[in-house]
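Working notes for the structure below.
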Amino acid sequence: MKKVLRVAVIFSMFLMLFIACKEDEVIDPTNDPTKPTIEWVSIPAGTFTMGSPESEDGRSNKEIQRQVTLSAFKMSKYEVTFEQYDMFCEATGREKPYDWNWGRGKRPVINVSWHDAVAFAEWMGCRLPTEAEWEYACRAGTTTPFNTGEHLTTSQANYNGNYPYTGGEYGEYREKTLPVGSFAPNAWGLYDMHGNVWEWCSDWYGDYSSGSQTNPTGPEAGTFRVMRGASWFNIGQNCRSAYRRNLSPDERNEFTGFRIVLPDK
Numbered sequence: 276m277k278k279v280l281r282v283a284v285i286f287s288m289f290l291m292l293f294i295a296c297k298e299d300e301v302i303d304p305t306n307d308p309t310k311p312t313i314e315w316v317s318i319p320a321g322t323f324t325m326g327s328p329e330s331e332d333g334r335s336n337k338e339i340q341r342q343v344t345l346s347a348f349k350m351s352k353y354e355v356t357f358e359q360y361d362m363f364c365e366a367t368g369r370e371k372p373y374d375w376n377w378g379r380g381k382r383p384v385i386n387v388s389w390h391d392a393v394a395f396a397e398w399m400g401c402r403l404p405t406e407a408e409w410e411y412a413c414r415a416g417t418t419t420p421f422n423t424g425e426h427l428t429t430s431q432a433n434y435n436g437n438y439p440y441t442g443g444e445y446g447e448y449r450e451k452t453l454p455v456g457s458f459a460p461n462a463w464g465l466y467d468m469h470g471n472v473w474e475w476c477s478d479w480y481g482d483y484s485s486g487s488q489t490n491p492t493g494p495e496a497g498t499f500r501v502m503r504g505a506s507w508f509n510i511g512q513n514c515r516s517a518y519r520r521n522l523s524p525d526e527r528n529e530f531t532g533f534r535i536v537l538p539d540k
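Here the sequence shown is numbered in our numbering, starting from 276 and rising by one per residue.
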């Protein structure tokens, strides 16, 4: 009897330990066969100068420079595609967003609100990037207006080439999105950080101070959410790494998509 009781106690302890381990387990969404595969880029921890210098052409007074320190994280290599978002819609019963007959598949999803983007990210076990994370990842160590240098061409990004950045070359105006990864990545391996579609960030839009910060998440409240990166429709100036835009979190349009992030393990 004592032997049976001892075995039962040992089994119960093992079971409790197993359950505790399962509760603490961090599930990588990329290993879930019921969800879309996301290719990740590891972004190193570091400190950078967020915003733009007063000497930068096209600079806004909303782009005050400050030192920001960030923990490491992972960012999706590409903007979330229609193919990936459609899987989410099918799994959750949501209506699929309109594609303007440009095609779905590997093109970045458009006509998604901030709330839609957050819902997809949470379904994937992820989140949207903060504004600081987005700019840090876009710059990839650069301090120039673009991660390509002082200028941006339409052979490097999808934007309105009829209106190049100061001193830059005129180029194509394609008038629609292109499949993700159509151009070379930045130095950290991220694609389409300039142009193609605006990308939602998690922050409320607001002024930020010039003081240094660590892992900032933006204002506690607001009316509009931050968007970064510009789109196929926008001029070269809007594609700058420091350029900020805001939009109602309820709005959907053909210029806006998103990408997602994971805390680094």
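Virtual Cβ for every residue (Gly too), placed ideally from N, Cα, C. Quick caveat, the model's predicted, so the values are computed rather than measured.
For residue i, count the other beta carbons within 10 Å of its own beta carbon; 16 or more makes it buried, fewer makes it exposed. Which is it?
i: THR312; result: exposed
i: ASP525; result: exposed
i: TRP315; result: buried
i: TRP473; result: buried
i: GLY470; result: buried
i: TYR365; result: It should be pointed out that residue 365 corresponds to Glu in this sequence rather than to Tyr. Exposed, by the Cβ-count rule.
i: PRO328; result: exposed
i: LEU292; result: Bear in mind that the predicted position of LEU292 carries a pLDDT of just 35, short of 50, making it unreliable; the figure below should be weighed with that in mind. That one is exposed.
i: GLU338; result: buried
i: GLY378; result: exposed
i: TYR483; result: buried
i: TYR434; result: buried
i: GLU392; result: Looking at the sequence itself, residue 392 is Ala, so the reference to Glu does not match. Counting Cβ neighbours within 10 Å, ALA392 comes out buried, since at least 16 surround it.
i: SER346; result: exposed
i: GLY326; result: buried
Since I believe residue j is in contact with residue i (beta carbons under 8 Å), could you give me their beta-carbon distance rounded to a whole number of angstroms?
i: GLU354; j: GLY481; result: That belief does not hold up - the Cβ atoms of GLU354 and GLY481 are roughly 25 Å apart, past 8 Å.
i: TRP389; j: ARG500; result: 5 Å
i: ARG624; j: ILE535; result: The requested residue 624 does not occur in the structure, where the chain is confined to residues 276 to 540.
i: LYS455; j: THR344; result: One point to set straight first is that residue 455 is Val, not Lys, in the sequence displayed. The pair is not a contact, with the Cβ atoms about 30 Å apart (cut-off 8 Å).
i: ASN341; j: GLY486; result: One detail in the question is off: residue 341 reads as Arg in this sequence, not Asn. Correct: roughly 6 Å between the Cβ atoms.
i: ALA396; j: ASN422; result: Wrong, their Cβ atoms sit about 24 Å apart, outside the cutoff.
i: MET502; j: TRP475; result: 6 Å
i: ALA517; j: GLU425; result: Incorrect: roughly 14 Å between the Cβ atoms, too far for contact.
i: GLY436; j: TYR448; result: 5 Å
i: PHE348; j: ASP539; result: 5 Å
i: THR429; j: GLY416; result: That belief does not hold up - the Cβ atoms of THR429 and GLY416 are roughly 24 Å apart, past 8 Å.
i: MET350; j: PRO420; result: 21 Å between Cβ atoms; not a contact.
i: LEU427; j: CYS514; result: 6 Å
By DSSP, does residue i sit in helix, in strand, or in coil?
i: TRP377; result: coil
i: GLY493; result: coil
i: MET362; result: helix
i: VAL343; result: strand
i: ARG414; result: helix
i: VAL393; result: helix
i: THR367; result: helix
i: ASN422; result: coil
i: PHE348; result: strand
i: THR531; result: strand
i: ASN433; result: strand
i: SER388; result: coil
i: ASN336; result: coil
i: SER330; result: coil
Legend entry - Sufficient close CB pairs (3 or more, under 8 Å) joining the segment 384 to 396 to the segment 423 to 441: no
Inset, instruction - Within the segment 447 to 515, note down every full alpha helix (DSSP H) run reaching 4 residues or more, in order along the chain. - result: none
Inset, instruction - Could you tell me whether the segment 484 to 494 touches the segment 373 to 381, using the rule of 3 or more Cβ pairs below 8 Å? - result: no
Legend entry - Validate contact between the segment 318 to 327 and the segment 494 to 513 using beta carbons, cut 8 Å, 3 pairs: no
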